[in-house]
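Visitor: I'd like to ask some things about the structure below.
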Amino acid sequence: MRRVHAVNFVRTMAVTTVVFLAPFRFIELGFDGVGIGIIVALLASAPIVFSFPTGWANDRLSMKTVIVGGLLAMAGLLVAVSAARTVVPMAAAFLLLGVANSAVNVSICSLYYKHDAPGDPNRKYGRFVGWLSLGPPTGLVLGSLLMRSAGLDVLLRAMAALTALAALAVPGLGEEKFAAVSFRDYRFGIFNRRTLLFSAFLVLLALHWGTEGTVYGPFLRGRFGLSDSGVALYMAGAYMALAGAAFLVGRLRYDPVRNRRLFLLGMVLSGAGLALMTVGDVRLSFLFRFIHEGGDGLMGAFAVLTISELFEKRTVGGSAGILTALQTTGHMAGSLVFASLGFRAGLHVPMVVAGAILLANAAFGLYAVPRD
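When we follow the numbering used here, the leftmost residue of the sequence shown carries the number 6, and every step to the right adds one.
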């Protein structure tokens with residue numbers, strides 16, 4: 006499944022680089038905190054509507070066609086983002102970018118979940134999240150260089166070109182497997198105590214993502230005086246911990262008890278690191294952000310592994326799509342609340358609040374994360 010990793014690498018490189026660095030453009034264009042929050046929330050909101058229909062299509066129709074179409078649409082929309090200068094067209098471009106990215110994400114996850122190659126689950130999903138997580142730091146390093154030498158518009162167009170080229174890898178993704186799936190099958194998989202508790206856990210986890218596309222970059226520039234390229238390098242360096250932690254999971258032998266403990270430990274590290282990265286020294290801040298991203302890497306690997314175990318392969322596309330939609334409500338709510346809070350009360354405040362929520366969620370996870 007190397008082509009899956011390649012496509013995910015490019016996709017996350019493009020989207021995360023744009024999401025993390027675009028707030029600088031928003032500020033230059035005079036957008037306020039509410040406008041920025043709405044734009045990022047629209048990007049995050051797309052999976053609420055489209056994740057289940059995409060997953061359902063993945064279970065019954067063609068995953069590859071959706072992936073190719075989504076990648077090409079993403080490329081065009083990245084160009085549109087570079088051209089937009091007011092809130093309404095920027096919001097529209099981000100909403101459609103979210104739709105296209107969601108379609109690719111759900112489809113490629115479905116393809117990977119349905120892949121029957123034998124092997125250790127930790128290895129399978131640790132590698133999946135590891136390669137997915139290497140895209141953002143690579144994009145942020147390239148972004149810092151391109152922003153310094155050529156500007157954000159060139160960066161956006163370069164990401165658009167790479168995303169379009171990634172579509173060439175899709176025809177070799179392997180055979181697609183489908184089955185006759187009724188809506189009743191999805192209902193039984195989702196509406197049970199085990200899945201509903203885990204869904205609530207994922208929604209609370211996703212709240213902190215709302216800080217990253219709204220106040221994270223401006224906080225680093227305002228608190229530490231970093232240039233735009235300096236912000237990108239800070240983000241990229243910390244993000245390497247996310248990929249490293251996911252690859253570490255891939256090196257561990259599958260053990261449900263240990264996996265669950267590491268999942269919850271990841272939540273604790275993520276929350277503590279996010280709150281403590283607001284300290285006044287940039288070196289300590291980077292250290293705590295590195296810890297936060299390491300926790301996110303553990304959570305990311307074990308989240309997809311848990312989802313793969315919650316559902317049957319024939320329904321995992323639509324079922325995982327429903328969980329993605331629910332998780333997106335947390336991302337969207339976090340974007341709206343934390344953007345407004347940050348630009349009113351101080352850019353450090355959302356980090357502290359989101360970190361505290363993650364720590365509380367770790368305690369909730371003792372009940373919400375399945376034991377086997």
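Note that CB positions come from ideal geometry on N, CA and C, so glycine has one too.
Could you tell me which of P126, L225, R90, L201 sits nearest to D158, measuring between CA atoms?
Guide: On the sequence shown, residue 158 is found 153 positions in, with the first residue counted as 1. The option with the nearest alpha carbon to D158 is R90.
Visitor: Under DSSP, the alpha helix (DSSP H) around F196 begins and ends at which residues?
Guide: Counting from 1 along the sequence shown, the entry for residue 196 is found at position 191. It is not in any alpha helix (DSSP H) - F196 carries neither H nor E in the DSSP assignment.
Visitor: Classify G302 as buried or exposed, calling it buried when 16 or more other Cβ atoms lie within 10 Å of its own Cβ.
Guide: For the purposes of this step, residue 302 is identified with residue 297 of the sequence shown, where counting begins at 1. Flag for G302 reads buried.
Visitor: I'd like to check one pair, S313 with H3: are the Cβ atoms closer than 8 Å?
Guide: Given that the chain is displayed from residue 6 to residue 377, the structure contains no residue 3 and the question cannot be resolved.
Visitor: Which residue spans inside the stretch 228-309 form an unbroken beta strand (DSSP E) run of at least 3?
Guide: Counting only runs of 3 or more, we get nothing.
Visitor: For the stretch 146-153 against the stretch 259-266, are there 3 or more C-beta pairs whose distance is under 8 Å?
Guide: Because the criterion of three Cβ pairs below 8 Å is not met, the stretch 146-153 and the stretch 259-266 do not touch.
Visitor: For the alpha helix (DSSP H) that contains M337, what are its first and last residues?
Guide: Here residue 337 is taken as the residue at index 332 of the sequence shown, counted from 1. Taken as a continuous stretch (DSSP letters only), the alpha helix (DSSP H) holding M337 covers 321-350.
Visitor: Below 8 Å on the Cβ atoms is my contact criterion, and I expect V45 with T219 to pass it. Report the Cβ-Cβ distance as a whole number of Å.
Guide: Along the sequence shown, one-based indexing puts residue 45 at 40. Along the sequence shown, one-based indexing puts residue 219 at 214. Right, the Cβ-Cβ distance comes to about 5 Å (below 8 Å), so this counts as a contact.
Visitor: Under 8 Å between the Cβ atoms of L102 and L82?
Guide: Here residue 102 corresponds to residue number 97 of the sequence shown, with the count starting at 1. Here residue 82 corresponds to residue number 77 of the sequence shown, with the count starting at 1. For L102 and L82, yes; Cβs fall inside 8 Å.
Visitor: Kindly list the residues whose CB is nearer than 7 Å to the CB of F36, restricted to its own chain and excluding five residues on each side of it in sequence; keep chain order.
Guide: Locating residue 36 in the sequence shown gives position 31, where the first residue counts as 1. Taken in chain order, the residues that qualify are V92.
Visitor: Take every Cβ of the stretch 369-376, pair it with every Cβ of the stretch 194-211, and state whether three or more of those distances are shorter than 8 Å.
Guide: The stretch 369-376 is in contact with the stretch 194-211.
Visitor: Compare the beta carbon distance of P126 and Y259 with 8 Å and say whether it is the shorter of the two.
Guide: Residue 126 sits at position 121 when you count from the first residue of the sequence shown. Residue 259 sits at position 254 when you count from the first residue of the sequence shown. Yes; because the gap between Cβ atoms is below 8 Å, this pair is in contact.
Visitor: Which ranges would you report for the alpha helix (DSSP H) in the stretch 84-158 if only whole runs of at least 4 residues count?
Guide: Runs of the alpha helix (DSSP H) inside the stretch 84-158: 92-118, 126-154.
Visitor: Between V175, A350, F293, M6, which has its C-alpha nearest V134's C-alpha?
Guide: Residue mapping note: residue 134 aligns to position 129 of the sequence shown, counting from 1. Of V175, A350, F293, M6, the residue nearest in Cα terms is M6.
Visitor: Looking only at C-alpha atoms, which of Y244, I43, V86, A98 sits nearest to R294?
Guide: Numbered from 1 along the sequence shown, position 289 holds the residue referred to as residue 294. R294 has its Cα closest to that of Y244, out of Y244, I43, V86, A98.
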